[in-house]
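Student: Encoded as structure tokens, here's the structure I'll be asking about.
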Amino acid sequence: MAAKASIHSLPTEIKARIAELCRLQDRVFQRVFDALKERAREPIEHVYYSDDEDDSDHESCDDETDVFKMGPFSDRRAEDDYPESLMSLSCVSKEWREVAVKILFRKVTADQCSKPIFLFAIAPRYGHLVQDLDLAYWRISCSIGNILASLAYLSRVRKVALPAIAAVSDLLVGTAGGGGNFPVEFASPAKHSVFKNAASLPNLFHPTLRRIEIHEASGGKGLFDFIEHFAPSLEELEVYLGTGTRGNAVPPVPGRINLPRLRRLDIAGTLATTAPLVRHISPLTFPVLQTCTWELNRPIGEESRLPFAAQTADTIGHLREQQVGRAVPLRLALDLPFGADQATLAVSLEALGIGIGVEQEGGGGGGGLVVGFAPPEPNEYDPGELPDLILTPKLCRADDSKASELGKVVRGSLDRIRNLADQAIAVGDRFQISRIAHALQEGKWQCGEREC
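Numbers 1 to 452, taken from the numbering used here, label the letters of the sequence shown in order.
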């Protein structure tokens, strides 16, 4: 007798694909769920008409909206977190847990690392699965001692995002002053030398690390000395250089930093804080650098536009002269806050003989630079257009006055189904196509019934 088919007998690759789809579903559902909760909190507007047809009064109140009366909010659980399918999948069996945890712990945050259960139970067992370590945002309640201690278990981190170092200084001082295990001299907030002293902290560097993100708004010294510790393995670097909120903050100077494997560099901040690093780019300092994105913020005001464009163009001109000896041209993408800045900067660049999208040879010939404007990034947290109403049996018995509104919802749903089908066809996902066909079967029967 043939063995009974079972989902547990699926190949590991298929199980991993199912877990990835659960993760994607969780991300999409969470965004939609959050948007629906925001809509549910919006006050509704009542319109009261008087005897005069042109006279009406509007009044807003905090009464429950229609969203509260249907769908996931009908039982008043608007504040509950949306259930995560990936977490549920990990509870099915040991086999599925081993598949799911590889995705669940692929990325961890400071909030997760600061919890005792992560340090003493999760990190020793699953720390080797962590590839993305996001420490950019710490809450006041986070335990910096637990975070630093847990780094010992994260042996395969490939990407790390670090916070503003001034904030870390305060946390370290508070920890040391409160009887923690970290000496107060590691913080040195008066000198802003946390980056320099960070090399003394245990388990911060890994040979597998490929990408670093740093949000530095304190004017701290030692930033580039800190980055250079990762020179043998670093391939991608993202640095945000703020103006600093503390007194006497000055932009960090690149010095002699040399990153031989760096392929991508993203720089963000003001012109004053970022220009020194842009001017530092050359085939000697970053020999294999392929792309550089320069995101600039300028003071708001019409009077600042022309000086801003002229100084930016001067920095790009200097960068062009430095690109002698590159095997392939360096691609520089400019990300500016206002559309008008692009036009003004393009004029300033033309005056220096630098065209947008045209390869510019470095000084003395050879090498080169291609300057362009970065396209606007899509909003990752935009859930898209949400249906105005949630389809329920009660709603489907709408009278004629609601039929047109219901028709708009149906058309929107059909458009989303078409998009889903197009995506499934593009990747050859027969399972998804079968699900769509099954979902549309009842509609096909209704069409046949109406034709009869």
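Beta carbons: idealized from backbone N, C-alpha and C, even for Gly.
Predicted, not measured: the structure shown is a model, and the values here were computed from it.
When we look at the beta-carbon of Ile7 and count the other beta-carbons within 10 Å, is it buried (16 or more) or exposed?
Tutor: Ile7 comes out exposed.
Student: Near Ala313, what residues of its chain come up, given a Cβ to Cβ distance below 8 Å and the 5 sequence neighbours on each side ignored?
Tutor: Closer than 8 Å at Cβ, skipping near neighbours: Leu345, Ser348, Leu349, Ala351, Leu352, Ile354.
Student: Do you know how far the Cα of Leu241 is from the Cα of Ala332?
Tutor: Contrary to the premise, residue 332 reads as Leu rather than Ala in this sequence. Using only the alpha carbons, I get a separation of about 18 Å.
Student: Need the endpoints of the beta strand (DSSP E) that Asn258 sits in, please.
Tutor: Looking at the DSSP string, Asn258 is not in any beta strand (DSSP E), and its letter there is neither H nor E.
Student: Tell me, please, which residues DSSP counts as bridged to Val370.
Tutor: Val370 is bridged to Arg331, Glu359.
Student: Report the residue from Gln30, Ile103, Val32 whose alpha carbon sits nearest the alpha carbon of Glu20.
Tutor: For the residues Gln30, Ile103, Val32, the minimum Cα distance to Glu20 belongs to Ile103.
Student: Does the Cβ of His438 lie closer than 7 Å to at least one heavy atom of the ligand MN?
Tutor: In the structure shown, the ligand MN is absent, as is every other ligand, since no ligand is present at all.
Student: Would you kindly report the start and end of the unbroken alpha helix (DSSP H) that includes Glu228?
Tutor: Note, Glu228: alpha helix (DSSP H), 223-228.
Student: Should Gly407 be labelled buried (16 or more other beta-carbon atoms within 10 Å of its own) or exposed?
Tutor: It counts as exposed.
Student: Quick one: what does DSSP say Ala123 is sitting in, helix, strand or coil?
Tutor: In this structure, Ala123 counts as helix in the three-state DSSP scheme.
Student: Is Asp429 helix, strand or coil by DSSP?
Tutor: Residue state, collapsed to three classes: coil.
Student: When DSSP labels each residue in this structure, what does Lys159 get in the three-state scheme?
Tutor: Of the three classes helix, strand and coil, the one that applies to Lys159 here is strand, per DSSP.
Student: Return yes when the Cβ of Ile267 is within less than 8 Å of the Cβ of Trp294, no when it is not.
Tutor: It is a contact, given that the beta carbons lie within the stated cut-off.
Student: Return the bridge partner residues of Val108 from the DSSP annotation.
Tutor: Leu133.
Student: Which residues in the same chain as Val288 place their Cβ atom closer than 8 Å to its Cβ, once the five residues preceding and following it in sequence are excluded?
Tutor: Counting only Cβ-Cβ distances below 8 Å, and skipping sequence neighbours, we find Pro260, Arg261, Leu262, Arg263.
Student: Alpha carbon to alpha carbon, how far is Phe105 from Phe431? Give it in angstroms, no decimals.
Tutor: Near 27 Å, if we compare the C-alpha coordinates of Phe105 and Phe431.
Student: Which residue's Cα is closest to the Cα of Leu89: Asp335, Gln423, Cys22?
Tutor: The shortest C-alpha separation from Leu89 is found at Cys22.
Student: So, helix, strand or coil for Glu84, using DSSP?
Tutor: Of the three classes helix, strand and coil, the one that applies to Glu84 here is coil, per DSSP.
Student: Within 10 angstroms of its Cβ, does Cys447 collect 16 or more other Cβ (buried), or is it exposed?
Tutor: Looking at its Cβ environment, which holds fewer than 16 other Cβ atoms inside 10 Å, Cys447 is exposed.
Student: Closer than 8 Å by C-beta to Leu284: which residues in its own chain qualify, once you throw out the five before and the five after it? Chain order, please.
Tutor: So the list reads Asn258, once near-sequence residues are dropped.
Student: Determine the DSSP secondary structure at Trp500, reduced to helix, strand or coil.
Tutor: Any answer about residue 500 is impossible in this case: the structure gives the chain only from 1 up to 452.
Student: Can the beta-carbon of Gln322 be found less than 8 Å from the beta-carbon of Ile281?
Tutor: Yes, the pair counts as a contact, with Cβ atoms nearer than the cut-off.
Student: What do you reckon, are the CB atoms on Pro276 and Pro254 nearer than 8 Å?
Tutor: Yes; because the gap between Cβ atoms is below 8 Å, this pair is in contact.
Student: Taking the C-alpha atoms as reference points, what is the distance between Gly368 and Phe286?
Tutor: Cα to Cα, the separation comes out at about 14 Å.
Student: Rounded to the nearest angstrom, what separates Leu129 and His215 at their Cα positions?
Tutor: Looking at the two C-alpha atoms, the distance is approximately 25 Å.
Student: Exposed or buried, which one is Pro252 when buried takes at least 16 other CB atoms within 10 Å?
Tutor: Pro252 should be labelled buried.
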